[in-house]
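All remarks here apply to the structure that follows.
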Amino acid sequence: MTTPWGAYALTRHPEDPRDRLRAWDAADTYLLRHLAESGTSLAGTVVVVGDRWGALTTALSTHRPTQITDSFLAREATRANLARNGADESALRLLTTQDTPPDRIDVLLVRVPRSLALLEDQLHRLAPAVHEGTVVVGTGMVKEIHTSTLNLFERILGPTRTSLAEKKARLIFCTPDPALTRGTNPWPYRYDLPEGIGVVSGRPVTNQAGVFCADRLDIGTRFLLQHMPRSRGAERVVDLGCGNGVVGTAIALANPEAELLFADESYQAVASAEATYRENTGGSAEFRVGDGLAGVPAASADLVLNNPPFHSHQATTDATAWRMFTDARRVLRPGGELWVIGNRHLGYHLKLRRLFGNSELVASDAKFVVLRAVRK
165 MTTPWGAYAL TRHPEDPRDR LRAWDAADTY LLRHLAESGT SLAGTVVVVG DRWGALTTAL
225 STHRPTQITD SFLAREATRA NLARNGADES ALRLLTTQDT PPDRIDVLLV RVPRSLALLE
285 DQLHRLAPAV HEGTVVVGTG MVKEIHTSTL NLFERILGPT RTSLAEKKAR LIFCTPDPAL
345 TRGTNPWPYR YDLPEGIGVV SGRPVTNQAG VFCADRLDIG TRFLLQHMPR SRGAERVVDL
405 GCGNGVVGTA IALANPEAEL LFADESYQAV ASAEATYREN TGGSAEFRVG DGLAGVPAAS
465 ADLVLNNPPF HSHQATTDAT AWRMFTDARR VLRPGGELWV IGNRHLGYHL KLRRLFGNSE
525 LVASDAKFVV LRAVRK
């Protein structure tokens with residue numbers, strides 16, 4: 165990535181030489197060029213929110229920014245890119261969206277997230293630290309910035325305008341208004357599950373901002389809950405890509421002896437899963453934010469449940485699903501099972517047959533399939 169301060173070698177995480185997707189885009193370079201050409205002072209506390217692969221944090225590393233991210237993979241990419249470019253990670257603060265933000269922010273740089281809810285939550289959390297002199301600049305691709313995006317900046321921080329588009333990217337300029345009455349943060353959001361979905365029918369769910377389908381039960385999970393595997397005795401069960409934890413919680417309610425692990429790369433998701441699980445069961449479980457099941461011992465699980473995403477930001481890819489299936493095979497004991505819910509057009513049965521040597525169709529409708537693969 166070439167910037168006014170020099171060129172930086174950047175990669176995504178985990179690094180894959182076959183992956184042709186860059187670790188930055190025009191929105192990142194547009195923001196960095198604006199900061200340099202406008203002579204924006206980067207003194208004081210600089211906060212970078214939503215930096216997808218660490219491109220902004222790495223380029224601004226000499227200004228010792230604080231990074232705030234919901235993504236474990238983005239955090240690890242930042243660490244790797246800082247080291248790759250000779251920057252000292254110890255001089256920076258790498259925070260998650262669940263951490264307490266800085267008390268004072270002098271420069272706030274926001275990479276607009278895909279989730280409006282996450283943007284709303286983060287602006288509410290950061291607003292008390294923003295003062296009249298804070299420089300606030302957002303950035304994103306044109307297709308990511310909508311009227312609703314600008315309305316959030318305007319309603320929570322102050323008057324907002326946008327730049328002209330360059331290379332399909334756009335900047336957001338916001339002038340903080342300390343006298344603004346912004347209301348309360350609506351996140352996290354709680355609702356009761358619908359009836360007809362087994363043991364979790366009518367149960368409360370807690371959703372942090374940014375979790376997939378945070379205001380309702382998504383139809384894929386609903387279909388899986390209607391076709392759940394039976395769990396018996398002290399089985400080790402993994403809810404991989406757990407989201408708000410509804411699926412793992414259903415297993416725990418049906419089999420109180422089961423030992424549950426909830427895993428996701430989103431800090432918001434794991435916080436949601438923990439709140440949902442504890443409110444509905446009162447029991448104990450393991451909650452892990454990380455890269456899939458990295459660090460989980462091999463042959464340690466009896467059942468893995470998975471609803472893999474097929475988007476990485478704006479890119480459609482099966483790389484995440486493939487890594488999740490590979491992780492699941494590694495951690496399953498012989499005879500252990502992986503249950504997958506997915507859109508039928510994605511062809512997950514082919515991947516499962518390649519990895520496990522088998523794939524069984526458990527249930528299907530016009531949109532989804534539930535598949536079962538057994539570790540031989």
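One point on numbering: in this note's numbering, the residue at position 373 of the sequence shown is 537, and numbering is uninterrupted. Using N, Cα and C, we set each Cβ at its ideal position, and we do this for glycine too.
To the nearest whole angstrom, what separates the beta carbons of residue i and residue j, a pair I think is in contact under 8 Å?
| i | j | result |
| --- | --- | --- |
| Leu321 | Val294 | 6 Å |
| Asp285 | Trp351 | 4 Å |
| Asn444 | Thr385 | At roughly 15 Å, the Cβ-Cβ gap does not stay under 8 Å, so Asn444 and Thr385 are not in contact. |
| Leu220 | Asp192 | 6 Å |
| Leu302 | Val271 | The amino acid occupying residue 302 in the given sequence is Gly; Leu does not appear at that position. So it is not a contact: roughly 12 Å between Cβ atoms. |
| Arg216 | Ala238 | 6 Å |
| Tyr194 | Glu296 | Actually they are not in contact, since the Cβ atoms of Tyr194 and Glu296 sit about 26 Å apart, beyond 8 Å. |
Measure the alpha-carbon distance for residue i versus residue j and round it to whole angstroms.
| i | j | result |
| --- | --- | --- |
| Val460 | Arg508 | 29 Å |
| Thr209 | Asn245 | 21 Å |
| Asp252 | Leu290 | 25 Å |
| Thr261 | Leu469 | 26 Å |
| Ser476 | Val300 | In this prediction, Ser476 has a pLDDT of 47, which is less than 50 and means its spatial position is unreliable; what the coordinates show is noted afterwards. So the alpha carbons of these two residues sit roughly 26 Å apart. |
| Ala200 | Arg452 | 39 Å |
| Leu206 | Asp183 | 34 Å |
| Leu283 | Val211 | 14 Å |
| Asp466 | Glu423 | 10 Å |
| Ala418 | Leu404 | 18 Å |
| Ala187 | Gly362 | 42 Å |
| Thr298 | Thr345 | 18 Å |
| Tyr441 | Ser430 | 16 Å |
| Leu181 | Gly347 | The sequence as given places Pro at residue 181; Leu does not occur at that position. Distance between the alpha carbons of Pro181 and Gly347 is about 47 Å. |
| Ala241 | Leu196 | 19 Å |
| Arg319 | Ser312 | 10 Å |
| Ile269 | Asp356 | 37 Å |
| Phe376 | Ala462 | 29 Å |
| Gly203 | Arg176 | 29 Å |
| Val410 | Ala416 | 10 Å |
| Asn349 | His288 | 6 Å |
| Gly506 | Phe489 | 12 Å |
| Asn408 | Leu381 | 10 Å |
| Leu185 | Phe532 | 28 Å |
| Asp234 | Thr226 | 23 Å |
| Thr484 | Glu450 | 22 Å |
| Pro229 | Arg517 | 46 Å |
| Val274 | Ala247 | 23 Å |
Checking the sheet assignment: what are the DSSP bridge partners for residue i?
| i | result |
| --- | --- |
| Gln231 | Val212, Leu258 |
| Ser205 | Paired residues: none, contrary to the question. |
| Tyr355 | Val369 |
| Thr324 | Cys338 |
| Glu423 | Arg400 |
| Val468 | Val402, Leu502 |
| Asn507 | Phe532 |
| Ala171 | Thr166 |
| Ser430 | Ser235 |
| Ala241 | Answer is none; Ala241 lacks a bridge partner. |
Just reading off the alpha helix (DSSP H) that residue i is part of, what are its end residues?
| i | result |
| --- | --- |
| Val410 | 410-418 |
| Arg386 | 383-389 |
| Val542 | There is simply no residue 542 to check, as the chain begins at 165 and stops at 540 in what is shown. |
| Arg182 | No alpha helix (DSSP H) contains Arg182, which DSSP labels as neither H nor E. |
| Leu224 | Run containing Leu224: none; DSSP gives neither H nor E here. |
| His288 | 280-290 |
So, at 6 Å on beta carbons, what are the nonlocal neighbours of residue i in its own chain, with the 5 sequence-adjacent residues on each side left out?
| i | result |
| --- | --- |
| Gln478 | Here Gln478 scores only 47 on pLDDT, less than 50, and its place in the model should not be relied on; the value that follows carries that caveat. No residues qualify anywhere along the chain. |
| Ala439 | Thr370 |
| Ser279 | Gly374 |
| Pro323 | Thr339 |
| Gln372 | Pro352, Gln432, Ala435, Ser436 |
| His513 | Ser523, Leu535 |
Along the chain, where does the beta strand (DSSP E) that runs through residue i open and close?
| i | result |
| --- | --- |
| Val294 | 294-305 |
| Leu272 | 269-275 |
| Ala329 | Where Ala329 is concerned, there is no enclosing beta strand (DSSP E), given that its DSSP letter is neither H nor E. |
| Ser528 | 524-528 |
| Arg517 | Element bounds for Arg517: not the beta strand (DSSP E) but the alpha helix (DSSP H), 512-520. |
| Glu450 | 450-453 |
Within a Cβ cutoff of 7 Å, which residues of the same chain sit near residue i, ignoring the five residues on either side of it in sequence?
| i | result |
| --- | --- |
| Ser448 | none |
| Glu421 | Gly397, Ala398 |
| Ala414 | Gly362, Val363, Val364, Leu389, Met392 |
| Asn522 | Ala537, Val538 |
Tell me which same chain residues have a C-beta within less than 8 Å of the C-beta of residue i, skipping the five on either side of it?
| i | result |
| --- | --- |
| Arg539 | Arg493, Leu496, Arg497, Pro498, Gly499, Gly500, Glu501, Leu502, Phe520 |
| Thr326 | Ile309, Leu314, Arg334, Leu335, Ile336, Phe337 |
| His391 | Val526, Ala527, Val534 |
| Asp529 | Phe387 |
| Leu236 | In the sequence under discussion, the amino acid at residue 236 is Phe, which differs from the Leu named in the question. Answer for Phe236: Glu429, Ser430, Tyr431, Val453, Gly454, Asp455, listed in chain order. |
| Lys332 | Ala190, Met305, Val306, Lys307 |
So, is the C-beta of residue i closer than 8 Å to a C-beta in chain D?
| i | result |
| --- | --- |
| His310 | Chain labels in this structure do not include chain D; a single protein chain is all it has. |
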